[in-house]
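Just so we're aligned: 238 in our numbering is position 220 of the sequence shown, and the numbers increase by one with no gaps anywhere.
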Amino acid sequence: MTSDQLCFLPALELRRLLRARALSPVELLSAILARVEAIDGRLHAFVTLDSERALALARRQTDEAPTGPLHGMPVSIKDLEQTADLRTTFGSKFMERNIPAIDGAVAARVRAAGGIIFGKTNTPHYGHKDMCDNLLGPPTVNPWRLDRTSGASSGGAGAAVAAGLGPLAQGSDGAGSIRIPSSLCGIFGFKPSFGRVPYWPNSDIWASRSHNGPMTRTVRDAALFMDAIAGHDPRDPTSLETIEGSWIDACDGDLRGLRVGYSSDFGYASVDPEVRAASARAAHRFEELGCEVIDVVPGWEDPRRFASALWDASMAYRYGRLFRERPDWVEPSLAIMIERGLRMSAVELGEAGMARSAFYDRAQAFMAGFDLLLTPQMPCTAWRHDGYPEIGGSPAPEIFDRVPFTFPFNLTGWPAASVPCGFDSAGLPVGMQIVGGWHRDRLVLRAAAAFEAVQPWADRLPPLP
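Shown next as structure tokens:
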């Protein structure tokens with residue numbers, strides 16, 4: 019087996035080899051770091067590497083008994099998650115030299131599970147958008163086409179996993195930030211139920227819509243990561259109680275008898291015809307799995323207007339002061355959001371919050387009739403990283419027009435996964451979204467694993483050496 023082939027093995031297979039001592043943590047990490055060195059100059063997936071400390075830990079672990087589910091496993095952390103003694107920039111010039119004293123909740127759990135944090139992956143300025151560029155360095159590009167975006171805000175993570183730059187990547191998702199790059203880069207991404215994985219520190223805990231979760235090449239690899247990071251943390255008052263049993267076991271079992279809704283556009287979203295066709299074919303493969311698949315229009319109000327208002331307001335009260343101090347350090351797209359948020363009245367913000375509550379009620383009533391909901395993950399495939407896509411023949415400069423299928427399930431807090439389901443005529447990945455009701459995380463993983471069994475994807479690699 020070549021070093022590059024090793025980099026594309028599933029994490030569960032790597033764990034088996036590590037535990038059998040057929041592979042050492044040093045050998046595995048060295049192979050991944052060599053691949054990062056060879057190709058990341060073109061992808062720009064990583065903003066900071068911690069090679070020396072990671073290799074030192076790998077050497078210690080070589081002679082140790084496994085300490086947890088990720089023992090000896092290289093893990094990348096998104097640069098919105100703080101890491102002790104390792105630069106954490108949040109994609110911002112304001113934080114360019116920030117070195118935290120302590121780990122965030124997920125980074126701490128990765129270390130406790132034996133994972134080896136070897137680098138931080140790129141993100142846009144404070145994770146505010148769906149394209150992975152910022153003022154600190156080059157944009158992260160897509161391994162399938164280097165002139166296309168990786169998506170964001172977990173764009174560095176998505177590009178890294180797709181390109182074999184580590185088997186496990188942590189992502190976070192406030193409006194689609196795990197699922198967008200997972201879809202555009204052709205990997206698996208899982209946004210668990212809100213609170214399933216703790217989010218700490220979080221300065222906006224009571225208004226948060228952000229979920230931590232795994233980005234991997236296979237469904238069971240994501241379940242392995244969940245074994246390490248899911249569960250209650252008293253520092254996060256929204257975090258959920260720990261579920262007994264392995265998340266890997268949750269991937270087993272059939273789907274016979276499930277009632278599954280499929281919506282191609284929610285009745286209002288523009289969708290590229292090739293994406294619509296690929297996701298429809300994939301959705302109806304659930305009939306082969308014993309499900310009843312029903313084409314549906316959910317009937318809820320288009321949430322883009324009030325979701326955009328909530329997003330703009332959060333950008334304004336989090337970063338408005340910084341914008342006033344150094345407007346030249348704020349990306350133009352973030353500045354627009356901040357300025358809109360600063361113009362918003364308290365009444366307008368309250369109305370947006372009430373609209374979110376009404377949306378949840380409608381969505382919950384709809385979902386009561388189904389076990390799962392399937393949708394396209396994105397309305398288009400990856401577009402040029404220096405522009406905006408055309409969707410349905412019209413340009414889409416507004417972010418919420420580009421992500422109509424992702425952010426609704428941040429508003430509800432439901433679990434959702436992005437599974438690769440095909441390619442367009444340009445050879446770019448297409449993703450399908452699998453959504454479950456509140457706290458039905460394990461069903462979503464089981465459905466994703468069942469789909470992966472009938473339509474596997476991990477053996478198709480991007481055209482990078």
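Cβ coordinates follow ideal geometry from the N, Cα and C atoms, glycine included.
For the beta strand (DSSP E) holding T80, just list the boundary residues, first then last.
-> Looking at the DSSP string, T80 is not in any beta strand (DSSP E); the run it does join, the alpha helix (DSSP H), is 69-80.
Can you tell which of F136, G137, G155 has its C-alpha closest to the C-alpha of S110?
-> G155
Neighbour-count burial assignment, A386, 16 or more Cβ in a 10 Å radius = exposed
For F441, which of helix, strand or coil comes out of DSSP?
-> strand
Measuring CA to CA, which of R294, W401, L328, A72 is closest to L164?
-> W401
Pick helix, strand or coil for N428, following the three-state DSSP scheme.
-> helix
Give me the Cα-Cα distance between L47 and L67, rounded to the nearest whole angstrom.
-> 12 angstroms
Exposed or buried, S363, counting other C-beta atoms within 10 Å across all chains shown (16 or more means buried)?
-> exposed
Compute the Euclidean distance between the alpha carbons of L307 and L463, then round it to the nearest angstrom.
-> 14 angstroms
Mind checking which residues open and close the alpha helix (DSSP H) that includes Q382?
-> 364-385
Contacts around S288, its chain only, beta-carbon distance under 7 angstroms, and the 5 residues preceding and following it disregarded = P397, I409, G410, S412
Cα-Cα separation, L461 to D267 = 11 angstroms
DSSP-derived helix/strand/coil call for S351 = helix
List in chain order: all unbroken alpha helix (DSSP H) runs of 4+ residues lying wholly within the stretch 105-156.
-> 123-130
Relative to the alpha-carbon of S201, which residue among R299, F423, Y286 has its alpha-carbon at the smallest distance?
-> F423
Where Q395 falls, given that 16 or more other Cβ within 10 Å makes a residue buried | buried
Among P255, V453, E416, which has the Cα closest to the Cα of G431?
-> V453
Distance, Q79 Cα to L73 Cα = 10 angstroms
In whole angstroms, what separates the C-alpha of A40 from that of V437?
-> 31 angstroms
D404 by DSSP, collapsed to three states: which one?
-> coil
Under 8 angstroms between C-beta atoms of F388 and G213 | no
Using DSSP bridges, identify the partner residues of I409.
-> S412
Tell me whether S443 is buried or exposed, calling it buried when 16 or more other Cβ atoms sit within 10 Å of its Cβ.
-> exposed
Kindly indicate which residue of T139, G90, M355 has the alpha-carbon position closest to the one of R34.
-> G90
Which two residues bound the contiguous beta strand (DSSP E) that contains M233?
-> 229-234
For G359 versus D330, is the C-beta spacing smaller than 8 angstroms?
-> yes
Any idea if R253 is buried or exposed, counting beta-carbon neighbours within 10 angstroms, 16 or more meaning buried?
-> exposed
Compare the beta carbon distance of L153 and E349 with 8 angstroms and say whether it is the shorter of the two.
-> yes
Tell me whether S375 is buried or exposed, calling it buried when 16 or more other Cβ atoms sit within 10 Å of its Cβ.
-> exposed
Any idea which residues DSSP pairs Q451 with across the strands?
-> T393, S436
What is the DSSP secondary structure of P481, reduced to helix, strand or coil?
-> coil
Is A467 closer than 8 angstroms to R485 when the C-beta atoms are compared?
-> Limits of the chain in this structure are 19 at one end and 483 at the other, which puts residue 485 out of reach.
Buried/exposed call for M450, threshold 16 Cβ in 10 Å = buried
Alpha-carbon to alpha-carbon, A29 and A187 = 11 angstroms
Which word fits S297, buried or exposed, when buried means at least 16 other C-beta atoms lie within 10 angstroms of its C-beta?
-> buried
Just how far apart, CA to CA, sit S281 and V472?
-> 21 angstroms
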